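Let me begin by presenting the structure, written as structure tokens, before commenting on it.
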Amino acid sequence: MTGATFALEVETVSVARLGAAFSELMMRMGNLSQPMDVIGAALVDSTHHRFDTGIGPGGRPWDTSHRAAEEGGRTLVDSRRLENSITHNPTHNSVEVGTNVIYAGIHQFGGTIKAKGGGQLKFKIGGQWVSVEEVDIPARPFLGIDDADAIEIEATIDDWLARPFR
Numbered sequence: 080m081t082g083a084t085f086a087l088e089v090e091t092v093s094v095a096r097l098g099a100a101f102s103e104l105m106m107r108m109g110n111l112s113q114p115m116d117v118i119g120a121a122l123v124d125s126t127h128h129r130f131d132t133g134i135g136p137g138g139r140p141w142d143t144s145h146r147a148a149e150e151g152g153r154t155l156v157d158s159r160r161l162e163n164s165i166t167h168n169p170t171h172n173s174v175e176v177g178t179n180v181i182y183a184g185i186h187q188f189g190g191t192i193k194a195k196g197g198g199q200l201k202f203k204i205g206g207q208w209v210s211v212e213e214v215d216i217p218a219r220p221f222l223g224i225d226d227a228d229a230i231e232i233e234a235t236i237d238d239w240l241a242r243p244f245r
């Protein structure tokens, strides 16, 4: 035969081997802690990348902070405390990615900060002390799943569940 050809070969699998593979698959589906750990580590890496680029999970760049604009540097990475606090916690059927840093929520979701007791907030901008009643912080989401993360998650689960059939 001329041109291009390919051959297809079908391997007969014993019923016992197939049964064992399905048994292992059921066991794997009951405890997904290993792939959840892999997924969590990948999401932590993805989150670190967002701090490097200043771009949130939806592809939207973060608004530049006053500190970064005044002093140079990048938004949300002055001390790297927030970035370095990102961790993951896998369980048998889920994974949690996040931080315990108290100010993370205001940066993730945005909001207004008001002084306790109706006083003034005091902070430095450009070497000068400023007093204001409130400060609006825009959302700068750093946690989340984007398209590339979703593809990696799907591939990790597919690989984990397909192993018994190899």
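First residue of the sequence shown? That's 80 in the numbering used here, and the numbers climb one at a time after it. All C-beta atoms in this analysis are idealised placements derived from N, C-alpha and C, irrespective of residue type, glycine included. Only a predicted model underlies this, so the values are computations on that prediction, with no experimental measurement involved.
Check                                                                                                                                              : Outcome
Quick one: measure Cβ to Cβ for G177 and L111, integer angstroms, because I've assumed they're closer than 8 angstroms.                            : That belief does not hold up - the Cβ atoms of G177 and L111 are roughly 19 angstroms apart, past 8 angstroms.
With E149 as the anchor, note down where its beta strand (DSSP E) starts and where it stops.                                                       : Where E149 is concerned, there is no enclosing beta strand (DSSP E), although the alpha helix (DSSP H) it sits in stretches over H145 to E150.
Assuming the contact rule is C-beta atoms closer than 8 angstroms, V275 and G119 should be a hit. Round their C-beta distance to whole Å, please.  : With the chain covering 80 to 245 only, the question about residue 275 has no answer from this structure.
Extract the residue ranges of the alpha helix (DSSP H) inside the segment 140 to 221, only unbroken runs of 4 or more that lie entirely within it. : 145 to 150, 160 to 163 and 183 to 188
Where do the ends of the alpha helix (DSSP H) carrying L111 lie?                                                                                   : Where L111 is concerned, there is no enclosing alpha helix (DSSP H), given that its DSSP letter is neither H nor E.
Where do the N-terminal and C-terminal ends of the alpha helix (DSSP H) with D228 fall, by residue?                                                : D226 to A241
Is the beta carbon of D142 closer than 7 angstroms to that of P217?                                                                                : yes
What does a CB cutoff of less than 6 angstroms around I232 pick up in its chain, not counting 5 residues either side in sequence?                  : I118
Going by other Cβ atoms of all chains shown within 10 Å of its Cβ, with 16 needed for buried, is I165 buried or exposed?                           : buried
Between T235, K195 and R242, which lies nearest to L122 when the distance is taken from Cα to Cα?                                                  : T235
If I'm right that P136 touches D225 with Cβ under 8 angstroms, what's the distance once you round it to whole angstroms?                           : 4 angstroms
Roughly how many whole angstroms lie between the Cα atoms of A229 and T154?                                                                        : 26 angstroms
If we call anything under 7 angstroms between Cβ atoms a contact, is G191 one with E213?                                                           : Per the sequence shown, the amino acid found at residue 191 is Thr instead of Gly. Yes.
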